[in-house]
Amino acid sequence: MELAISVIVIFMILGAIYAIHASDILSAVIAGGIVGYSLVICFLLLKAPDLAIVQIVVETITLIIMVAVVLDSSRKEAYGKFDTQAWVTAATAVVILAILFWFLKEASAPLAPFGENTMRMADAYVNGAVDKTGSVNLVTGVLFDFRGYDTLGEATVLVTAVLGVLTILRIRGRK
Amino acid sequence: MKGMTVIVKKTTQLIAGIVFLYGIYIILHGHLTPGGGFAGGVIVAGSFILLILAYGSDFLNLVKEERGSTTYENLAILVFLFLALTGMVAGVGIFFANWLPHGTPGELVSAGFLPLYNIFVGIEVAASILTIFLALIIFKEEVLK
Chain A
1 MELAISVIVI FMILGAIYAI HASDILSAVI AGGIVGYSLV ICFLLLKAPD
51 LAIVQIVVET ITLIIMVAVV LDSSRKEAYG KFDTQAWVTA ATAVVILAIL
101 FWFLKEASAP LAPFGENTMR MADAYVNGAV DKTGSVNLVT GVLFDFRGYD
151 TLGEATVLVT AVLGVLTILR IRGRK
Chain B
1001 MKGMTVIVKK TTQLIAGIVF LYGIYIILHG HLTPGGGFAG GVIVAGSFIL
1051 LILAYGSDFL NLVKEERGST TYENLAILVF LFLALTGMVA GVGIFFANWL
1101 PHGTPGELVS AGFLPLYNIF VGIEVAASIL TIFLALIIFK EEVLK
């Protein structure tokens, strides 16, 4: 299974790199879709059907909206010149990346290997959730009962995003 | 906004209702099977988007529909918040307390508040996605005028 996930991740990286360098924005959007749909297969292989359903539906709707937006605007990408300032920016990015990797390595060195020793909280969730929440689907039990604040925050973020879209995409005020 | 050809219209006529019902199923069975408010809400919004794309609509209808979806979105998030607040008032005094009787695990009406949360989050997500889509179309029509 790790081999399959590795192959899919390499595929996703190739799609993302193509999406950056494509000269036509429509093909860049579709190459971005490769990343989303490969993520669906990854979720299914990792036995997370809840996430897979959400990901595949949201990816489809987003792709439709993005294609509609691209078809109505310019399909040519505006390339800038690669001058001195761009070199400085790239060098800064590489330095910051190296520093962040070093800190990540230092911070994760004393931790236990992945998946071990961290099951103390998960045991309570996995064994007691059906009795405490009455929900057979454990994911819903965690999302809406143990982690209710998170769900409230997500829903509020969505409302705020819609408010932002309605505020920006308006030429005349409503009478 | 103009509609598409007869083939697309007929296929949409056959499919859109099934997509809508499937979204409702995913929302209502959120505490039993994979899925829930977020996934089902996006599927319900998808059925509306399918209809609008295939059949097209004139500007005034779109504006009316956008007004309705905005209202439903804000009402749903308010009801969600008030359902969470009822745990403060009744029961044990904890925000998000699940004080309704839990029933038998595995039945459709069980798990106390979780199906209600699922339904209102589903309405909220469906109305949000539809509002964003409608806002983009209305913006384009306003520019073309």
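Chains as they are written, first to last, in the numbering used here: chain A, 1 to 175; chain B, 1001 to 1145. All C-beta atoms in this analysis are idealised placements derived from N, C-alpha and C, irrespective of residue type, glycine included.
Residue 64 of chain A to residue 1075 of chain B span [Cα, whole Å]
Between residue 64 of chain A and residue 1075 of chain B, the C-alpha separation is close to 27 Å.
8 Å contact criterion, which residue 1 of chain A and residue 29 of chain A should meet: CB distance rounded
Rounded to whole angstroms, the Cβ separation of residue 1 of chain A and residue 29 of chain A is 30 Å, and the two are not in contact under 8 Å.
Rank A/21, A/10, A/45 and A/40 by C-alpha distance to the C-alpha of residue 52 of chain A and give the top, closest one.
If we check each option's Cα against that of residue 52 of chain A, A/40 comes out closest.
Between residue 165 of chain A and chain B, is there a C-beta pair that is closer than 8 Å?
Yes - at least one Cβ of chain B is within 8 Å of the one on residue 165 of chain A.
Can you give the beta carbon distance from residue 145 of chain A to residue 1098 of chain B, rounded, assuming they're within the 8 Å contact cut?
Between the beta-carbon of residue 145 of chain A and that of residue 1098 of chain B there is about 6 Å, and that keeps the pair under the 8 Å contact cut.
Identify the residues that DSSP records as bridge partners of residue 24 of chain A: which are they?
DSSP lists A/76 as partners of residue 24 of chain A.
Indicate the three-state DSSP secondary structure (helix, strand or coil) for residue 1099 of chain B in the structure shown.
Here DSSP, grouped into helix, strand and coil, assigns residue 1099 of chain B to coil.
Whole angstroms is fine: what's the gap from residue 164 of chain A's alpha carbon to residue 1144 of chain B's?
One Cα belongs to residue 164 of chain A, the other to residue 1144 of chain B, and the distance between them is close to 22 Å.
Output the distance between the C-alpha atoms of residue 177 of chain A and residue 1114 of chain B, rounded to the nearest integer angstrom.
The structure shown does not extend to residue 177 of chain A, since chain A is modelled only from 1 to 175, so the question has no answer here.
Three-way DSSP call (helix, strand, coil) for residue 109 of chain A in this model:
If DSSP states are grouped into helix, strand and coil, residue 109 of chain A belongs with coil.
Which stretch, first to last residue, makes up the alpha helix (DSSP H) that contains residue 1033 of chain B?
Note, residue 1033 of chain B: premise wrong, no alpha helix (DSSP H); not H, not E.
According to DSSP, is residue 83 of chain A part of a helix, a strand, or is it coil?
Note: residue 83 of chain A maps to coil in three-state DSSP.
7 Å Cβ cut-off: residues of chain A touching residue 1098 of chain B
Chain A residues near residue 1098 of chain B: 133 and 145.
Are there 16 or more other CB atoms within 10 angstroms of the CB of residue 175 of chain A, so buried, or fewer, so exposed?
Confidence is the limiting factor: at residue 175 of chain A the pLDDT is only 47, short of 50, which leaves the residue's position unreliable and the question unanswerable from this model.
Between residue 178 of chain A and chain B, is any beta-carbon pair separated by less than 8 Å?
Any property of residue 178 of chain A remains undetermined from this structure, which presents chain A solely from 1 to 175.
CB contact below 8 Å: residue 1065 of chain B versus chain A
No - not a single Cβ of chain A is within 8 Å of the one on residue 1065 of chain B.
Host alpha helix (DSSP H) of residue 1086 of chain B (start-end):
Segment 1059 to 1089, the alpha helix (DSSP H) holding residue 1086 of chain B.
Run down chain A in chain order and give the residues with a C-beta less than 7 Å from the C-beta of residue 1042 of chain B.
Correct list: 57, 58 and 61.
Span of the alpha helix (DSSP H) around residue 973 of chain B:
Residue 973 of chain B cannot be examined here, being either before or after the span of chain B that is shown, 1001 to 1145.
Mind listing which residues of the region 1055 to 1084 of chain B have their C-beta closer than 8 Å to chain A's C-betas, in chain order?
For the region 1055 to 1084 of chain B, the set of positions with a beta-carbon nearer than 8 Å to some beta-carbon of chain A reads 1070, 1073, 1074, 1077, 1080, 1081 and 1084 in chain order.
For residue 127 of chain A, does the three-state DSSP call read helix, strand or coil?
Helix at residue 127 of chain A.
Tell me whether the beta-carbon of residue 136 of chain A lies closer than 8 Å to the beta-carbon of residue 1105 of chain B.
A distance below 8 Å separates the beta carbons of residue 136 of chain A and residue 1105 of chain B.
For chain E, check one thing: does any of its Cβ atoms lie closer than 8 Å to the Cβ of residue 1140 of chain B?
Absent here is chain E; the protein component of the structure consists of chains A and B.
Which of the three DSSP states, helix, strand or coil, is assigned to residue 135 of chain A?
When secondary structure is reduced to three states using DSSP, residue 135 of chain A falls in the coil class, being assigned neither helix nor strand.
Note down, in chain order, each residue of its chain lying with its Cβ closer than 7 Å to the Cβ of residue 1079 of chain B, except the 5 sequence neighbours on either side.
Closer than 7 Å at the Cβ level, and outside the excluded window around residue 1079 of chain B, lie 1120.
Does DSSP put residue 1041 of chain B in a helix, a strand or coil?
Helix.
Hey, does residue 40 of chain A have any beta-carbon neighbour from chain B nearer than 8 Å?
No, residue 40 of chain A does not count as interfacial toward chain B.
Taking the alpha carbon of residue 1123 of chain B as the reference point, which residue from B/1139, B/1041, B/1006 and B/1085 has its own alpha carbon closest?
Among B/1139, B/1041, B/1006 and B/1085, the Cα nearest to that of residue 1123 of chain B belongs to B/1041.
When you compare only the Cα positions, how much space is there between residue 1029 of chain B and residue 1035 of chain B?
Between the C-alpha atoms of residue 1029 of chain B and residue 1035 of chain B there is a straight-line separation of about 8 Å.
So that I know if they touch, is there some Cβ in chain A lying closer than 8 Å to that of residue 1118 of chain B?
At least one CB of chain A lies nearer than 8 Å to the CB of residue 1118 of chain B.
Three-way DSSP call (helix, strand, coil) for residue 93 of chain A in this model
Assigned with DSSP and collapsed to three states, residue 93 of chain A falls in helix.
Proximity test, Cβ basis, 8 Å: residue 1108 of chain B and chain A
Residue 1108 of chain B does not count as touching chain A.
Return the residues of the region 1119 to 1131 of chain B that lie within a Cβ-Cβ distance of less than 7 Å from chain A, sorted by chain order.
Interface annotation for the region 1119 to 1131 of chain B against chain A: 1121, 1124, 1125, 1128, 1129 and 1131, criterion Cβ-Cβ distance under 7 Å.
For residue 9 of chain A, does the count of other Cβ atoms within 10 angstroms reach 16, so buried, or fall short, so exposed?
Exposed, by the Cβ-count rule.
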